[in-house]
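Read the structure below first, then the notes.
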Amino acid sequence: MQIKINDVLRAYIEPLTEAEYAALERSILVEGCRDALVLWEDVLVDGHNRYQICQQHGIPFKVTENTSFRSLDDVKLWMIDNNLGRRSISDYQRGVLALRKKEIVTARVVELAAQAAAEDAAIAPPEGEEPKVKPAAMPLTSREDIARAARLSSATISQIEKIQKTATPELVEAVRSGTISINAAATVASLPEADQVAAVAGGKKELQKAAKEVRDLRAASRPAKEAKEGGGEYGRPLTEVDELRAENASLKEKNAALRAEITALQLRISELVDAS
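Numbered by my numbering, the letters in the sequence shown go through residues -13 to 262 in order.
Shown next as structure tokens:
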């Protein structure tokens, strides 16, 4: 069989570091390729690094085809779940993967809702009967669900979202490599791009310094009244921990209502699947 490489799938999961790749190569040279490569028809889904090493050294390998995939999104969801089950990936990688899963699942829910609306519009209700109101399309996963899938806190997921939206590539690489924590990276990501790049160039100490300066500036900019009436315990100024706790409490309050809407939508999807 001629195995095909899909560039989108190959780049979908973050690549191994040089040290990780070297360790995998040593293992395969000594023990052989123990795990089978996973294919979607003739397209390689899982095992790009193993395939490359085996090809380079002429080492035999086994393949298995997953026949449950119906689309590229099915493949991506499988790749995400497969990697979320691994212990070796970082918290940042877990958060990124879980957010990618949310995007795919949300898009599917919206698509199903649109199909249901189109089907209902094509079938006119009996004369004098009001059309049935369908539940609004809602994302299938809340932030808490995303956090649970990634085994992270909701606050950490929020920070990763901020990094993805506003961090420069240099800052993203710094948090990926562990030079800076997710918390500090989210703080530095609020700076102008030039300042982010400069902080990364200065190394770990400069990044920590930049994060502290941002936090100090935020604390100093709060009115005295807010510090006394809306601040932390004993009238002290709000810290980032206080803000995250407040956000978490607010999210928990919204979660109950969201779950009810999500349950209604899931029931509707089940009905559509059964009817198809």
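Glycine included, each C-beta is placed from N, C-alpha and C at the ideal position.
Boundaries of the beta strand (DSSP E) in which residue i is found, first to last residue
i   : result
T50 : V49 to E51
Residue i in three-state terms, based on DSSP
i      : result
L30    : strand
L177   : coil
L25    : strand
I255   : helix
I(-11) : coil
C-beta atoms of residue i and residue j nearer than 8 Å
i    : j    : result
I66  : C40  : no
L10  : L2   : yes
I168 : L193 : no
P22  : V49  : Here residue 22 turns out to be Ala, not Pro, going by the sequence shown. Contact: yes.
A197 : A170 : yes
A263 : T152 : Only positions -13 to 262 of the chain appear in the structure, and residue 263 is not among them; the question remains open.
A84  : I132 : yes
I45  : C19  : yes
G189 : S76  : no
I255 : L98  : yes
Where the alpha helix (DSSP H) containing residue i begins and where it ends
i    : result
L138 : Counting along the chain, L138 falls outside any alpha helix (DSSP H), and DSSP gives it neither H nor E.
P155 : P155 to R162
Q194 : K190 to S207
R73  : Taken as a continuous stretch (DSSP letters only), R73 belongs to no alpha helix (DSSP H), as it is neither H nor E.
S57  : First-last for S57: undefined, no H or E at that position.
S13  : E4 to E17
R20  : Taken as a continuous stretch (DSSP letters only), R20 belongs to no alpha helix (DSSP H), as it is neither H nor E.
With 16 other Cβ atoms within 10 Å as the buried cut-off, status of residue i
i     : result
H43   : exposed
D202  : exposed
R129  : buried
E89   : exposed
A(-3) : exposed
L80   : One point to set straight first is that residue 80 is Arg, not Leu, in the sequence displayed. Buried, because 16 or more other Cβ atoms sit within 10 Å of the Cβ of R80.
D32   : buried
Rounded straight-line distance, which links the Cα of residue j to that of residue i
i     : j      : result
V91   : Y37    : 30 Å
V161  : H34    : 24 Å
S139  : M(-13) : 44 Å
I(-9) : I(-1)  : 14 Å
Q150  : R72    : 22 Å
Y78   : N69    : 13 Å
T154  : P178   : 9 Å
E199  : L157   : 17 Å
Q101  : E51    : 31 Å
S207  : I143   : 26 Å
F55   : L30    : 13 Å
R86   : A141   : 17 Å
V183  : Y7     : 28 Å
Q145  : D28    : 38 Å
E17   : T53    : 28 Å
A103  : R12    : 55 Å
K148  : V82    : 11 Å
E105  : S57    : 23 Å
V24   : F47    : 11 Å
A205  : D(-7)  : 46 Å
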